[in-house]
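In the working numbering, the protein residues as written are 6 to 1064.
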């Protein structure tokens, strides 16, 4: 076998940025300590003077792992990082010094896999886009057909002043206070005559109109105590002292950044002169002399990461308790000198623990571990919400300045749409947490191959190209291309300079790059397909996709679930638990594999070795494969033969008819964990719970899988109602007053005890294999706090086959529920006996504009017969005429090479004639047949089944409430109603829509029928229909009541509407 080393381009991506988290955190913590604690302190003790030097530059972290005796974890031990601050104590009398380490606090450990482990569960931090620029921004909006201009002066995230110019007035807004600008200038010592002197519009009729509309300028009329108190806090305002250095310093600080500020006064004049210049710029924008600045541009934002959050919380802690910390240091040093202790470290009384803040922060979320890919997607998300600037920022809108840095498609659905987005796959982070993305320079109408990076601010100086193909017949049209220039799409000549090229795959996130033919689909469906990539359940039997994008292997550079070789060497030992490699320096490196670990979503994380003993390994080579990574490629499903057509209404809308052969071959069988927790209490010496195999009144068969201590054995197969852990509760019986007690004690010499069986049994539907058992014992001190002395945790691994109600999905947002499972002999087949695996409805493709789904089916069918795989890059954006020609040539070649004449029919190209499986007759119309990749989603019917006998209803619509926690009932949505209509279950539909819904009279009648066996009344009008009638009446439309006849029973069904 020939080995070939590949040259990889090392980028500073998000992955490496998170590794540098500790360095960034130490840097910010050192600055916070210097600001709030200073460099040195002085202490007088017993006529001796001590100088305490705070060595903040030598701040360091120390990682500690809690022992298993006091840790209650699932599979990970809680780790913490201790923050130590070195202090140098110098005695000025004898010039001796001593160095001690001051323990400031602790933070959760940030692992190599970029995870936080809190309470034994893995969590991750969602980055945040923060507006971090200080300056002045101008913008406008339309309100009541009037153009309103405003200037936003930003000092920090808490202090913002808005100057608004309307048609006949100009006013300031700060801290929800609205104040006239001319009155505010008068408050600062500027009269109307000074405004005419310093303004460039002193001869303007509009400015004179603004001044004449003001009331009489009297100090008693314009002074507001709340406004004065608010402004004096920031500006040190005084009517006698005209020094406003704070405001003037902030404005003049950014002269090099903003072009508008260069007109401002650079002298130490009053701040009011700057307000006059702002008013002049607003008038310039009003008369179209200057352009406005967009506040939503990406260059004004930076990434707020976990390190920033830690430092902000710690800075707040130091600012609040700085004086107390000074006294705490003094007391600790006095104790060291008084008792002559030899310890080199001490702990603060105000111990800072960030774990409490992280448990309530919405940006710290449980890590998605459904599959190997969902973890990457979750860590790549970013929130675009900024509460301080939410009033004027259009944060949900798509800005063309975000191309290359943020994915414009990948976002969440629902109320958070546009607020939670994703980074592109090759984004780079600068030192100031700004964005950079890769591009290719265009020189002499040719794209160069070397990659460079550019930020969004410099991007506006270039013309951005997205299409690198010139395939037009007329050569004159090849010199023009659609490009992006200054946040607008234009047709540009490519021969001009200052042009860059961005690859289409660099504009998408990780999920979108797994979708082939992405440019031939609706963006809304691409969004759904990208979201479902992170919801795919790992299955036992995976197959590599026939149609790939080439990015499946690149994902392995971002995942942490597989092991990679650190050094080049030879494999010495391989087993299911570890791999040992001897490197070039004759060192043995041992790699341990994850075996049957539980994820946060109760799926299994399992690794298998991918190398053999004696194999030569290169640096960076993949050593293991997981449940959905096979042959160094991400695999999340199977290739199925799909037929698009109608099958007696069972596949109505998005429903799917499944071949029973798929279940027998276990193509979509997945493994899941069920965890049982058993605690053993100890109330006192005479009342306690124990586990033993000597259970009373239990047969030998029921205890066949228990060990000597009464705990289930690992590897045993358990069924419903089998014993997992034997547990008995023993208490003394107080019968000392009865003569029987004395007799029993004389005969047997023992006290009578009450024994109650509390054994834990396997619940219904959770049968499986015992994978692992865990025991946690606690000391007496912790036992008094928790209330129990022992905890046992049992893991059951169970298989889940496909069943009616499970959900399957493709890569284009085409998802559906399995509505019916048929044997193979009842399904339609081709002339050669090929039977489709699933039958889906064909109406969902044209209505959702999934043309790429059809291309995948036809190309997949051709590659299946040719025994080949096809790689379709996301840059494949050819015109439809070319791709149709290629496709028909593929199908025609298969017809000639394989000899299957039925594959290509010139009268109906792309469609195949089928025969009925039950009768053998030919179907009247041909059906579309192809091979596509389908996956199993985590939304399975066994997790969704829920029932209730009684429960609450909503007050307005009288519908059952939603959710298990609220004891909700059946809520049938649109797709569920379609499935019932497809089955023709009219009586079930009537029961769901009336007797179990908002028909109060029918509901009362059903209750009487169940309790007293009274005949059910006729169905009346529901509350939702009454609400509809009310809304129709509000539009001056009338609906009259009428009667209908039940064709089955021959009775008249009155419809009485009580208005």
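Glycine residues also receive a C-beta, built at the ideal position from the N, C-alpha and C atoms.
Alpha carbon of residue i to alpha carbon of residue j, nearest angstrom
i: residue 207; j: residue 200; result: 8 Å
i: residue 20; j: residue 889; result: Since pLDDT at residue 20 reaches only 39, below the 50 mark, its modelled position is unreliable, and the value read off the structure follows with that caveat. Answer to the nearest angstrom: the Cα atoms are 41 Å apart.
i: residue 152; j: residue 182; result: 22 Å
i: residue 957; j: residue 979; result: 22 Å
i: residue 807; j: residue 988; result: 20 Å
i: residue 315; j: residue 682; result: 34 Å
i: residue 126; j: residue 672; result: 31 Å
i: residue 770; j: residue 725; result: 7 Å
i: residue 625; j: residue 721; result: 39 Å
i: residue 847; j: residue 170; result: 57 Å
i: residue 714; j: residue 759; result: 20 Å
i: residue 666; j: residue 819; result: 22 Å
i: residue 679; j: residue 1044; result: 55 Å
i: residue 198; j: residue 368; result: 53 Å
i: residue 952; j: residue 965; result: 12 Å
i: residue 554; j: residue 868; result: 15 Å
i: residue 305; j: residue 137; result: 6 Å
i: residue 327; j: residue 338; result: 17 Å
i: residue 263; j: residue 141; result: Here residue 263 scores only 31 on pLDDT, less than 50, and its place in the model should not be relied on; the value that follows carries that caveat. Rounded to whole angstroms, residue 263 to residue 141 spans 8 Å at the Cα level.
6 Å Cβ shell around residue i - same chain, five flanking residues per side excluded
i: residue 244; result: Bear in mind that the predicted position of residue 244 carries a pLDDT of just 36, short of 50, making it unreliable; the figure below should be weighed with that in mind. Correct list: empty, nothing qualifies.
i: residue 611; result: 601 and 632
Close beta carbons around residue i, own chain, < 7 Å, minus the five adjacent residues each side
i: residue 583; result: 595, 596, 597 and 598
i: residue 189; result: 177
i: residue 627; result: 561, 567, 569, 615 and 637
i: residue 371; result: 126, 128 and 605
Those residues which DSSP pairs with residue i across a bridge
i: residue 579; result: 584
i: residue 154; result: 145 and 170
i: residue 442; result: 459
i: residue 886; result: Note: residue 886 sits in no beta bridge, so no partner.
i: residue 774; result: 722 and 802
i: residue 762; result: 733
i: residue 614; result: 629
i: residue 944; result: The partner list for residue 944 (beta bridge, DSSP) is empty, contrary to what the question assumes.
i: residue 32; result: According to DSSP, which records beta bridges pairwise, residue 32 is partnered with nothing at all.
i: residue 533; result: Per DSSP, none; premise fails for residue 533.
i: residue 4; result: For residue 4 there is no data in the structure shown, the boundaries of the chain being 6 and 1064.
Coil, strand or helix - residue i by DSSP
i: residue 128; result: strand
i: residue 521; result: coil
i: residue 595; result: strand
i: residue 318; result: helix
i: residue 824; result: strand
i: residue 120; result: coil
i: residue 647; result: strand
i: residue 72; result: Note that residue 72 scores 43 on pLDDT, short of 50, meaning its location in the model is unreliable; the coordinates nonetheless yield the value given after this. It is coil, neither helix nor strand.
i: residue 965; result: strand
i: residue 680; result: strand
Bounding residues of the alpha helix (DSSP H) (the contiguous stretch that carries residue i)
i: residue 113; result: No alpha helix (DSSP H) holds residue 113; the beta strand (DSSP E) holding it covers 101 to 113.
i: residue 1032; result: 1028 to 1039
i: residue 55; result: Careful: residue 55 lies outside any alpha helix (DSSP H), inside the beta strand (DSSP E) at 53 to 59.
i: residue 1021; result: Counting along the chain, residue 1021 falls outside any alpha helix (DSSP H), and DSSP gives it neither H nor E.
i: residue 1010; result: 1005 to 1017
i: residue 979; result: 979 to 988
Endpoints, beta strand (DSSP E) assigned at residue i
i: residue 865; result: Where residue 865 is concerned, there is no enclosing beta strand (DSSP E), although the alpha helix (DSSP H) it sits in stretches over 856 to 871.
i: residue 369; result: 369 to 371
i: residue 383; result: Here residue 383 belongs to no beta strand (DSSP E); instead the alpha helix (DSSP H) covers 379 to 384.
i: residue 415; result: 411 to 416
i: residue 199; result: Element bounds for residue 199: not the beta strand (DSSP E) but the alpha helix (DSSP H), 197 to 203.
i: residue 46; result: 45 to 50
i: residue 666; result: Premise fails: residue 666 lies in the alpha helix (DSSP H), 665 to 669, not in any beta strand (DSSP E).
Same chain only: Cβ atoms within 8 Å of residue i, ignoring 5 sequence neighbours per side
i: residue 350; result: 89, 105, 106, 107 and 108
i: residue 565; result: 117, 118, 119 and 380
i: residue 435; result: 441 and 460
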